[in-house]
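A short worksheet on the structure shown next.
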Amino acid sequence: MTLNDPLSLVRQITQEIDRLTTHLDSAPPAEAAQLLAHVLAPEGVLDKVTALMASGSRFAQDRATAGALPAEVWLALGRASNDLDAVSGDLAEHTEDLHRIARPAAVIGIPPVASPLVARRHR
């Protein structure tokens, strides 16, 4: 696949992400954790989507400055890029935890302990 047909590339990437999502939904816990760790790691899928949004924001800024797009398009893409970057950073902190549970329990030698669910947001 080359960039000669970028819309085909977008469709292919979308299909692959759909396949990965379906696989993740039914994967055993260790495999699901490993997949998530790679998706969330620096230079992983989420990081690449963030870079794509940043590129889209630069495009929209250029077009908005030229009057071809409303400034709101540029602002929305910039906000999406910034929000994804913040979320990506928050999630990257947890990739080691995901890698840890991806290893077989016998290798770790520590039984899993349930922890309370805590939701936090940095602002």
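Just add 30 to the spot in the sequence shown (first one is 1) and you have this note's numbering. For every residue, glycine included, the Cβ atom is placed at its ideal position computed from N, Cα and C. Just so we're clear, the structure is a prediction, and the values are computed from it rather than from any experiment.
Would you call residue i buried or exposed, if buried means 16 or more other Cβ atoms sit within 10 Å of its Cβ?
| i | result |
| --- | --- |
| T80 | buried |
Based on Cα-Cα distance, which residue from the options lies nearest to residue i?
| i | options | result |
| --- | --- | --- |
| A62 | L50, P72, M83 | L50 |
| P72 | G86, R130, G119 | G119 |
| E126 | E102, L65, D92 | L65 |
| L114 | E102, K78, D92, E123 | K78 |
Are residue i and residue j close, meaning C-beta to C-beta below 7 Å?
| i | j | result |
| --- | --- | --- |
| A132 | A60 | yes |
| A67 | L128 | yes |
| L82 | L76 | no |
| A90 | W104 | yes |
| G74 | S87 | no |
Could you round the C-beta distance between residue i and residue j to whole angstroms and report it? I think they count as a contact, below 8 Å.
| i | j | result |
| --- | --- | --- |
| A84 | S111 | 4 Å |
The segment 98-109 / the segment 35-44 touching (three or more Cβ pairs under 8 Å) = no
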